Amino acid sequence: MVRLAIWDTLPAEFFVSGLTAGTVQLPVPLEVERCAAPEALERLLGGDVDVALVPTLDVLLHNEEVDALPAVALSSWKHPYARIVLRQGFTQVGSLALDPRYAQEAFVAQVVLQEHYGQTPQPVAYEGATRDELLSGDEDACLLIGNDVPTLQTGTLTLDLGQEWYELANYPMVWGLFAVRKGEGNPVLVKTLRRLARAAEAQREVWTHTREMSPELHAYFLENLRLRFDDLVMASLTEFREYLFYFQITDEVPDLPLYTIPEDEEDEEEDEDEVPLL
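In numbering that gives the first Met the number 0, the protein residues as written are 0 to 277.
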């Protein structure tokens, strides 16, 4: 039995949607658990699960403790689940309200605001705050993350973090990698994740159209959300790692701790298991 932790978000739920179809053949039994994204690394390192969808930032900052599996990744060209709300546009962005648990989104917000708009707001931490609590603050802007963010109607300027990253780096933003504890990667886990991704891709349109969603979210799941770990993901990770160094989050460009499948154990079904490129 392999224990897999995914985030309690709809994009992560899409990844395991093939399980409900009953057609995916996995090499090992799988138990799926849900948790908030900031809790994923702790659950993995604590031994609660065998593999977890972990925010990219956490993987890079803990690259001596975890390995990322080269099977699938969660990335997107846009991401309506993470937005910056600018109360007065760009005339003044001196402060940014945010939940510090979501360090990755906070970092991406810092990067895009400075690199795109020349703004360097002071972060104001509201740990565990709800969307309404962040919106009701006195700060010039707020960072919102979660399943309820796409339905937000504020009447003010909002920035989609995924789209902003794409416009900055020319690559999709890699929100999460599937990680294991250091040295515990194996070909069976890689095959399992690839088959899960393939099953999700096979019913992407059906899964999307059978859910009550806005036209924006339909487009997101059909055209923007990506599961494939490919050259675009690697290029985006390179940009992300360089920004971590440039913004002095790390003392040097951090290594990507990527598990490599031994040549004599390469999956013979690799071509079959590949996820279509979006």
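The beta-carbon is built from N, C-alpha and C at its ideal position, and this holds for glycine as well.
The structure presented is a predicted model; accordingly, all values stated were derived computationally and were not measured.
field: Beta-carbon gap between LEU226 and LEU73 smaller than 8 Å
entry: yes
- prompt: Who are the Cβ neighbours of ASP159 in its own chain at under 8 Å, not counting the five residues just before and after it?
  reply: LYS77, HIS78, PRO79, ALA81 and ARG82
task: From the DSSP output, read off the bridge partner residues of ASP159.
output: ARG82
task: Could you check which residue in LEU97, PRO28, ASP147 and ILE144 has the C-alpha nearest to that of TYR125?
output: LEU97
message: What residue range does the alpha helix (DSSP H) around TRP336 cover?
response: Lying before the first or after the last residue shown, residue 336 is absent from the chain, which here runs from 0 to 277.
- request: Measure the beta-carbon distance from THR55 to GLN109 and round it to whole angstroms, keeping in mind my assumption that it falls under 8 Å.
  value: About 15 Å; that fails the 8 Å criterion.
task: Given a cut-off of 8 Å, decide if VAL58 and LEU188 are closer than it, judged by their beta-carbon atoms.
output: no
message: Check this for me: beta carbons of GLN118 and VAL92, under 8 Å apart or not?
response: yes
task: Along the beta strand (DSSP E) that carries ASP66, what are the first and last residues, could you check?
output: 65 to 75
task: Would you tell me roughly how many angstroms separate the C-alpha atoms of PHE244 and GLU238, rounded to the nearest one?
output: 10 Å
message: So for GLN247, helix, strand or coil by DSSP?
response: coil
message: Does GLN113 come out as helix, strand or coil in the three-state DSSP assignment?
response: helix
- prompt: When the distance is taken between beta carbons, is ALA67 closer than 8 Å to TYR283?
  reply: Nothing in the structure corresponds to residue 283, since the chain is present only between 0 and 277.
message: I'd like the span of the alpha helix (DSSP H) that includes LEU134, first residue to last.
response: 130 to 134
field: Sheet register partners of GLN87 (DSSP bridge)
entry: PHE89
query: Hey, which unbroken runs of the beta strand (DSSP E) at 3 residues or more fall wholly within the region 175 to 202?
result: none
query: Within 10 angstroms of its Cβ, does CYS129 collect 16 or more other Cβ (buried), or is it exposed?
result: For clarity, residue 129 is Thr in the given sequence; the question names Cys instead. Label assigned to THR129: exposed.
Per DSSP, cross-strand counterpart(s) of VAL173: SER74
field: Pick from LEU112, PHE106, VAL107 and ALA70 that is closest to PHE89, judged by C-alpha positions
entry: LEU112
task: Output the boundary residues of the alpha helix (DSSP H) element that contains ARG42.
output: 39 to 44
field: Bounding residues of the alpha helix (DSSP H) (the contiguous stretch that carries LEU52)
entry: LEU52 -> not in any alpha helix (DSSP H); beta strand (DSSP E) instead, spanning 50 to 54.
task: Would you tell me roughly how many angstroms separate the C-alpha atoms of GLY136 and THR22, rounded to the nearest one?
output: 48 Å
task: Put VAL205 into one of helix, strand or coil per three-state DSSP.
output: helix
- request: Tell whether a beta-carbon distance below 8 Å holds between GLU30 and LEU3.
  value: yes
- prompt: Near ASP49, what residues of its chain come up, given a Cβ to Cβ distance below 6 Å and the 5 sequence neighbours on each side ignored?
  reply: VAL1 and ARG2
query: Mind checking whether ALA39 and ARG193 have CB atoms under 8 Å apart?
result: no
- prompt: Are the beta-carbon atoms of PHE13 and PHE246 separated by less than 8 Å?
  reply: no
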